[in-house]
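Peer 1: Going by this note's numbering, the residue at position 157 of the sequence shown is 756; the numbering climbs one at a time, nothing skipped. Glycine included, C-beta positions come from ideal geometry on N, C-alpha and C.
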Amino acid sequence: MNLFDVYPINNIAITKAKGSYVWDEEGQQYLDMYGGHAVISIGHTHPHYVQRVTEQLNKVGFYSNSIKMPLQEELAEKLGKISGKEDYQLFLCNSGAEANENAFKLASFYNNRKKIVAFKKSFHGRTSLAVAATDNPNIIAPVNENENIIFLPFNDEAALEACFKENGDQISSVIIEGIQGVGGINEASNSFLQKISSLCKKHNAIFIADSVQCGYGRSGKFFSHDYAGVDADIYTMAKGMGNGFPVAGIIIAPHLQPKHGMLGTTFGGNHLACAAALAVLEVIESENLMKNAETIGNYLMDELKKIPQLQNVRGKGLMIGFDVPDELKNLRKNLLFNQHIFTGEAKPNVIRLLPSLALRKKDADEFLESIMLELEAESIKLKA
Ligand SMILES: Cc1ncc(COP(=O)(O)O)c(C=O)c1O
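Rendered as structure tokens:
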């Protein structure tokens with residue numbers, strides 16, 4: 600049987616990983632500035648994580664949500680404390696798309712409405728409503744087309760006000776990434792997030808903060824939306840939550856009340872997933888990783904801004920993007936194959952950095968030196 604060929608892949612197989620580094624079959628070491636797509640939050644194969652997951656697997660890996668699960672309660676308690684949202688409620692699932700699906704559904708159950716406001720360049724996942732609310736027609740199959748989604752320009756307060764004026768009694772939810780990831784590292788402005796919050800309150804719509812990529816401490820705060828001083832009604836999260844173990848969730852403000860059978864999942868919140876998620880939070884806390892993300896992120900951004908060939912260096916914490924001019928369009932590939940550094944991209948010309956929150960200054964320096972080497976090599980080629 601062949602694999603269903605949907606991924607444009609690099610011809611590298613990883614066989615070992617530790618901290619911010621991975622190794623291929625030949626033993627070649629790579630610096631991971633991509634974090635396996637923002638997933639590796641506390642570093643690859645962190646010893647506490649490996650121990651907690653292994654110990655749990657030796658006790659019980661899975662049982663269904665039909666029984667009491669103290670690990671879920673422990674996770675909810677810890678997540679409430681570290682995120683500062685102690686009065687919210689936790690529902691666990693398995694992926695970012697699923698988290699967003701559940702958020703939309705819950706919003707619609709709550710206010711009995713159908714319309715969803717999403718923004719240009721957004722990415723919310725590939726399942727039915729999540730993909731319909733994603734601004735990329737190429738990945739929306741005809742069966743996913745949904746007339747209830749309204750796309751508005753990002754950071755445009757006037758357009759949002761006008762939309763609420765016209766459809767206020769029909770809008771179920773507004774979904775926004777605090778920092779757009781796939782869209783190219785675009786930050787929602789504080790005043791835009793505040794405007795969403797106040798309009799949602801006024802019209803009884805639900806404010807969904809998609810924190811799948813920008814959340815879980817990556818920005819230097821637990822949720823990047825926290826920079827605006829707003830409380831969303833639902834936060835969706837996934838990537839960094841399990842450091843690679845597939846675990847996701849939504850946290851839900853107290854005014855949204857549960858009913859038995861309203862949401863559900865087979866795998867979501869199983870014992871092993873909870874152990875992974877708890878290990879991640881324990882390490883974020885004990886190693887002060889949110890502060891580290893802020894400090895190393897600011898350092899990286901300051902240094903990158905000094906490199907004239909790189910344009911529009913932007914982001915928060917360890918979620919950083921910059922534009923690469925056309926003549927340097929091979930930079931990302933060259934970083935991978937010449938310097939052995941993984942980075943992310945956003946089409947057409949953005950390099951995205953999404954490393955582990957435990958990235959050290961010397962790792963950041965290694966990355967900066969490698970960029971300089973590649974830029975020098977490129978400028979010699981251009982002159983020749
Ligand atoms: C902001 C955002 N939301 C949702 C998703 C979907 O997550 P998943 O791939 O886990 O379904 C992604 C994935 O890249 C994302 O970046």
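Which whole-angstrom value is the C-beta distance of Ala-878 and Val-652, which I expect to be below 8 angstroms?
Peer 2: Here residue 878 is taken as the residue at index 279 of the sequence shown, counted from 1. Here residue 652 is taken as the residue at index 53 of the sequence shown, counted from 1. Contact between Ala-878 and Val-652 holds, since their C-beta atoms are separated by about 7 angstroms, short of 8 angstroms.
Peer 1: Measuring CB to CB, does Ala-837 end up less than 8 angstroms from Gly-695?
Peer 2: Taking the sequence shown and counting its residues from 1, the one referred to as residue 837 is at position 238. Taking the sequence shown and counting its residues from 1, the one referred to as residue 695 is at position 96. A contact, by the Cβ cut-off of 8 angstroms.
Peer 1: Using only CA atoms, which one of Asn-609, Ser-796, Gly-783, Ile-849 lies nearest to Cys-692?
Peer 2: Along the sequence shown, read from residue 1 onward, the residue named residue 692 stands at position 93. Of the listed residues, the one whose Cα sits closest to Cys-692 is Ile-849.
Peer 1: Assign Asp-582 to one of three DSSP states: helix, strand, or coil.
Peer 2: Residue 582 cannot be examined here, being either before or after the span of the chain that is shown, 600 to 983.
Peer 1: Take the Cβ of Val-781 as the centre, count every other Cβ of all protein chains shown within 10 Å, and call the residue buried at 16 or more, exposed below.
Peer 2: Against the sequence shown, residue 781 aligns to sequence position 182. So Val-781 ends up on the buried side.
Peer 1: If you reduce the DSSP assignment to three classes, tell me which class Thr-835 lands in.
Peer 2: In the sequence shown, residue 835 corresponds to position 236, counting from 1. Reduced to three states, the DSSP call for Thr-835 is strand.
Peer 1: For Glu-965, collect the residues of the same chain with a Cβ closer than 7 angstroms to its Cβ; drop the 5 residues on either side in sequence, then sort them by chain order.
Peer 2: Position 366 of the sequence shown holds residue 965. For Glu-965, where only same-chain residues beyond five positions count, the Cβ hits under 7 angstroms are Leu-630.
Peer 1: Report the option in Leu-705, Arg-959, Glu-926 whose CA atom is closest to the CA atom of Ala-976.
Peer 2: Numbered from its first residue, the sequence shown carries residue 976 at position 377. Of the candidates Leu-705, Arg-959, Glu-926, the one whose C-alpha sits nearest the C-alpha of Ala-976 is Glu-926.
Peer 1: Residue range of the alpha helix (DSSP H) that Cys-762 falls in?
Peer 2: The sequence position of residue 762 within the sequence shown is 163, counting from 1. Element bounds for Cys-762: 756-766.
Peer 1: Pair every Cβ in the segment 726-735 with every Cβ in the segment 675-683, then say whether three or more of these pairs are closer than 8 angstroms.
Peer 2: no
Peer 1: Once you ignore the five residues that flank Lys-658 on each side, which residues in its own chain have a CB closer than 8 angstroms to its CB?
Peer 2: Taking the first residue of the sequence shown as position 1, residue 658 is located at position 59. Closer than 8 angstroms at Cβ, skipping near neighbours: His-870.
Peer 1: When we look at the beta-carbon of Ala-757 and count the other beta-carbons within 10 Å, is it buried (16 or more) or exposed?
Peer 2: By 1-based counting over the sequence shown, the position of residue 757 is 158. Label assigned to Ala-757: exposed.
Peer 1: Can you look up Glu-641 in the DSSP assignment and give me helix, strand or coil?
Peer 2: Taking the first residue of the sequence shown as position 1, residue 641 is located at position 42. In the sequence as displayed, the identity of residue 641 is Ile instead of Glu. Coil.
Peer 1: For the candidate residues Phe-866, Pro-857, Ile-641, Ser-721, whose alpha-carbon lies nearest to that of Pro-845?
Peer 2: Against the sequence shown, residue 845 aligns to sequence position 246. Of the candidates Phe-866, Pro-857, Ile-641, Ser-721, the one whose C-alpha sits nearest the C-alpha of Pro-845 is Phe-866.
Peer 1: Ordered along the chain, which non-local residues of its own chain (more than five positions away) have a Cβ less than 6 angstroms from that of Arg-959?
Peer 2: Against the sequence shown, residue 959 aligns to sequence position 360. Correct list: empty, nothing qualifies.
Peer 1: Restricting to Cα atoms, I'd like to know which of Lys-801, Val-742, Asn-754 is closest to Asn-766.
Peer 2: Here residue 766 refers to the residue found at position 167 of the sequence shown. Considering only alpha carbons, the answer is Lys-801.
Peer 1: Which residue or residues does DSSP assign as beta-bridge partners of Lys-915?
Peer 2: Your numbering for residue 915 matches position 316 in the sequence shown. Per DSSP, Met-918.
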